[in-house]
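Each remark here refers to the structure printed beneath this line.
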Amino acid sequence: MALFLAYDPATNPLNTNEWAFPVCEVMHIVGFATLIGTITMVDLRLLGVGIKKASAAELLRDTAPWTLFGLALVLISGPLIFSSDPNLYLANPSFRFKITTLVIAIIYNYTIHRKVARSQDPGGFGKLVAIVSMALWASLVFAGIFIAFV
Amino acid sequence: MTARSLRIAVGFTLAASVAPMWAHHAFVAVFDLSKQRDFKGIVKQVEWLNPHARFMLDVVEPSGKTVSWEFELGSPNALMQHGWTRYTLKKGDTVTVTGDVARDGSNFAHARSIILAGGTRVCDYGRFNGAAWSCGGYEFHSVTSFMIGFRFVRRNCCCGVRPVFFHKEKVDT
Amino acid sequence: MFDWLQGMAIATAIRESALVYPILLSLHLTGMALFGGMILMTDLRLLGIAMTKRSVSDVVGGLRPWKHLGLTMVVICGALLAWSKIALYWPNPYFKLKLILLTLVTIHALVFRNSVYRNPELDRTGIPGSAKFAAVLSLVLWIGLVSAGRWIGYWEPEKEKTTAVQIR
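Chains as they are written, first to last, in the numbering used here: chain L, 8 to 157; chain W, 16 to 188; chain R, 125 to 292.
Right, here's the structure in full:
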């Protein structure tokens, strides 16, 4: 499975510019900290802890724009980093796992998670949804790190 | 007020100074893949550490001079996934390394593959799973396993080393 | 001294490990992911930009134990990672920068503890300029910490260069 690219990654500014690549990575980290941190705020509330005075629905509404902001940062910086060396990333098993999990996590967040958080009384099912959510996002972070270790 | 202003100034300066003077970044940016060459010499030191293992070689150049070169490999986990052990490369071994030289002209290179003292060849897989560089292709069991990232089998591996990432299978190389 | 620290059994085990090092690093980042965003939200609330419908004390108080948990995770993993390669990290300027920023962040937390982060009066009196300033400084310091951390991995000590004389 050779990937013959139209361009040579060596010409990508991410590889030639002194700080472009690390800045992209920092953007990626700040992005996922915002994305995952805000989702975790809702998850904690579903688990009955955190900002208890607000309901999960209210917290979801308050954090939603920031979750989106974090997601935007991630989805901008991610492909940029990928473009610096596509062959390497495509062939990396951890990267592939990460992309699959990312798609699942995003869909999960905007469907089941959103529905349950908005419901009147999430209850026990809400706790399960919250734990699955946190596990999905945490496994994404692990997958991201392991790209460099497999 | 002054103490606070002082701390703003220090804080901002420090945070802003993260723009580096000597940044060293993505693989392709550090090593020139078009400048590949062979190095033959004696292993002086092996540093088996995360995130990149490295080793030093006293290379005997064609001119007869001995130059000290440093080589970078992948992480121990990645290397061990692909057949390396902690002691595959040992101090005192005479080896031939094929590597990509660093762009900045220093005595630093990425070790692509190494012909060991005994004659077997091992590769750095940590950064080399890219088909553009490996000797053969991949064979995947299915689209699902491709996406999940597990269960790939490398065939026609240039190094005769079997990958064992989450899946053990006999490979004829 | 750093060589001695780095030579200790635990440090060596982490440094030379297959999975321990990446797992520690992943936990370090997971701590940042799960709880770092909460630091951002706290500071944004203080700046009046986010979560404005909730009172300041609700947001700050509700998130506090979780931020502490996250910080504990990050610091423990960070300390173990640093210990494993301390002799190699010490000459790294970004590592030193990170230590300095960590100190500043601690001072920041202590200085603004009573006036901002544990001040129930803020609900009643509104958020003064000094609190907003604390929030901005906090954001700058934390993002600086993350950047410095990432840059640590990119620094290499000066290496010898091959000269024409040597290869010919």
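Note that beta-carbon positions come from the ideal geometry of N, C-alpha and C, so glycine has one too.
Here residue 30 of chain L is buried. Its C-beta has 16 or more other C-beta atoms within 10 Å.
Identification of chain L residues near residue 177 of chain R by a Cβ-Cβ cut-off of 9 Å yields 61, 65, 68, 69, ordered along the chain. If you draw a straight line from the Cα of residue 130 of chain R to the Cα of residue 267 of chain R, it is about 28 Å long. Checking the DSSP bridge columns, you'll see residue 46 of chain W partnered with W:117. Under the 9 Å criterion on CB atoms, residue 42 of chain W is classed as interfacial with respect to chain L. Judged by beta-carbon spacing, residue 198 of chain R lies within the 9 Å limit of residue 155 of chain R, meaning their Cβ atoms are closer than that value. By the Cβ criterion, the segment 35-49 of chain L is in contact with the segment 77-88 of chain L, since at least three pairs of Cβ atoms, one from each stretch, lie closer than 8 Å. Using beta-carbon distances, residue 68 of chain W does not count as an interface residue toward chain L, since no partner is under 9 Å.
Residue 46 of chain L is positioned such that its CB atom lies closer than 9 Å to that of residue 120 of chain L. Below the 7 Å Cβ cutoff, chain W contributes 64, 65 as neighbours of residue 139 of chain R, in chain order. Across the structure, residue 159 of chain R and residue 104 of chain L are spaced so that their CA atoms are roughly 23 Å apart. The secondary-structure analysis by DSSP pairs residue 84 of chain W across a beta bridge with W:72. Following the DSSP letters along the chain, one finds residue 123 of chain W inside the beta strand (DSSP E) bounded by residues 123-130.
Contact fails between the segment 138-146 of chain R and the segment 19-29 of chain L, because fewer than three Cβ pairs, one in each stretch, are under 8 Å apart.
For the pair of segments examined, the segment 251-265 of chain R was found not to touch the segment 186-198 of chain R: the number of CB pairs separated by less than 8 Å stays below three.
In this structure the segment 219-239 of chain R lies against the segment 258-272 of chain R, because at least three pairs of beta carbons, one per stretch, are closer than 8 Å. Assigned with DSSP and collapsed to three states, residue 88 of chain L falls in helix. Residue contact with chain W for residue 157 of chain L: present (Cβ-Cβ distance below 9 Å to some residue of chain W).
Ranked by how close their Cα comes to the Cα of residue 273 of chain R, the residues R:283, R:178, R:258, R:201 have R:201 in first place.
Inter-residue distance for residue 269 of chain R and residue 78 of chain L is about 21 Å (C-alpha atoms, whole angstroms). Annotated as distal: residue 157 of chain R and residue 73 of chain L, with beta-carbon spacing of 9 Å or more. For chain W, the residues of the segment 84-109 of chain L that bring a beta carbon within less than 7 Å of one of its beta carbons are 91, 92, 94, 95, 98, 99, 100, 101, 103, 104, 107, in chain order.
The C-beta separation of residue 63 of chain L from residue 75 of chain L comes to about 18 Å, leaving the pair out of contact by the 8 Å criterion. Nearest C-alpha to residue 183 of chain R among L:126, L:68, L:57: L:57. Where residue 103 of chain L is concerned, the enclosing alpha helix (DSSP H) starts and stops at 100-115.
Looking at the backbone, the Cα of residue 187 of chain R and that of residue 133 of chain L are separated by about 20 Å.
DSSP places residue 55 of chain W in the strand class (E or B) of the three-state scheme. Neighbours of residue 23 of chain L in chain W, taken as residues at a C-beta separation under 9 Å, are given in chain order as 44. Distance from the Cα of residue 112 of chain W is smallest, within the candidate group W:47, W:57, W:90, W:43, for W:57.
With fewer than 16 other Cβ atoms inside 10 Å of its own Cβ, residue 80 of chain W counts as exposed. Counting every other CB atom within 10 Å of its CB across the protein chains shown gives residue 134 of chain W a total below 16, marking it as exposed. Partner residues in the beta bridge of residue 138 of chain W, as assigned by DSSP, are W:128.
Annotation for residue 228 of chain R: 265 place their beta carbon closer than 7 Å to its own, counting only its chain and skipping 5 residues before and after. Contact annotation, residue 109 of chain L with residue 147 of chain L: C-beta distance approximately 6 Å; criterion of less than 8 Å satisfied. Where residue 32 of chain L is concerned, the enclosing alpha helix (DSSP H) starts and stops at 27-53.
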